[in-house]
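In the working numbering, the protein residues as written are 104 to 260. Glycine included, each C-beta is placed from N, C-alpha and C at the ideal position. A short worksheet on the structure shown next.
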């Protein structure tokens, strides 16, 4: 689990100096570079990113959601998300979990289980739990398909 503060904007998630890149793997190599120099060294595919309020604020670039998804982030759990980032992330197939009390249960070095059915975030080490907001049925369809493009392609087939 990687913990970030409030107002992590899209320039921190995917710095503007890399906007010319088109290779998604190369884009992913710069994921969260503007927020943490340690993230790239410590990240393991499937890790969860935890943040405070307003994660994904700033410009509406899709590159931020693409970088997180291709990097292999399992989910982003935050107290709240910027609305445009929220839509972009789901459209890319990146799970976003709204958990207003995440800061009360998540600490450095901890591991979380996200139980979407029970609407809980569970800290494995401490056993502490926090309510997560439900994900709409349609948003779950998008996630399960791997993103909006995949869902639309499935419907065409």
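Handout entry: Coarse secondary structure for residue 209, derived from DSSP in three states
Key = Reduced to three states, the DSSP call for residue 209 is coil.
Exercise for the section: Check residue 189 in the structure and name its three-state DSSP category. Expected result: DSSP places residue 189 in helix when its eight states are reduced to three.
Problem - Same chain only: Cβ atoms within 7 Å of residue 133, ignoring 5 sequence neighbours per side - result: Answer for residue 133: 117, 118, 121, 170, listed in chain order.
Exercise for the section: Taking all protein chains shown into account, decide if residue 198 is buried (16 or more other Cβ within 10 angstroms of its Cβ) or exposed. Expected result: So residue 198 counts as buried.
Exercise for the section: Spell out a yes or no on whether the stretch 189-198 and the stretch 163-179 are touching, meaning 3 or more CB-CB pairs, one atom from each, closer than 8 Å. Expected result: Flag = yes, the stretch 189-198 and the stretch 163-179 touch.
Problem - Bounding residues of the beta strand (DSSP E) (the contiguous stretch that carries residue 179) - result: That run of the beta strand (DSSP E) goes 178-181.
Problem - Reduced DSSP category for residue 245 - H, G, I as helix; E, B as strand; rest coil - result: Collapsing the DSSP output to three states places residue 245 in a helix.
Exercise for the section: Identify the continuous beta strand (DSSP E) that holds residue 122 and give its terminal residues. Expected result: Careful: residue 122 lies outside any beta strand (DSSP E) and carries neither H nor E.
Practice task
Say whether the stretch 127-142 touches the stretch 227-234, bearing in mind that this needs 3 or more beta-carbon pairs closer than 8 Å, one atom from each stretch.
Solution key: With the cut-off at 8 Å, the stretch 127-142 and the stretch 227-234 do not touch.
Practice task
Please list, in chain order, all residues of the same chain as residue 249 whose beta carbon is under 7 Å from its beta carbon, the five residues on each side excluded.
Solution key: Counting only Cβ-Cβ distances below 7 Å, and skipping sequence neighbours, we find 196.
Problem - Where residue 261 falls: helix, strand or coil (DSSP) - result: Lying outside 104 to 260, the shown extent of the chain, residue 261 is not represented and no answer is given.
Exercise for the section: Provide the residue(s) that pair with residue 150 in DSSP beta bridges, ordered along the chain. Expected result: Under DSSP, no beta-bridge partner is assigned to residue 150.
Exercise for the section: Work out the CA separation of residue 260 and residue 83 for me, nearest whole Å. Expected result: Given a span of 104 to 260 for the chain in the structure shown, any question on residue 83 remains unanswerable.
Exercise for the section: Could you pull out every residue in the same chain whose Cβ sits closer than 7 Å to the Cβ of residue 167, ignoring the five residues on either side in sequence? Expected result: In its chain, beyond the 5 residues on either side, 113, 116, 117, 159, 188 have a beta carbon closer than 7 Å to the beta carbon of residue 167.
Practice task
Examine chain C for any beta-carbon lying closer than 8 Å to the beta-carbon of residue 211, and answer yes or no.
Solution key: Among the chains of the structure shown, chain C does not appear; only one protein chain is present.
Practice task
Take residue 191 and list the residues in its own chain whose beta-carbon comes closer than 6 Å to its own, dropping the five residues that flank it on each side.
Solution key: Here residue 191 has 165, 168 as same chain residues with Cβ atoms under 6 Å from its own Cβ, once five neighbours each way along the sequence are excluded.
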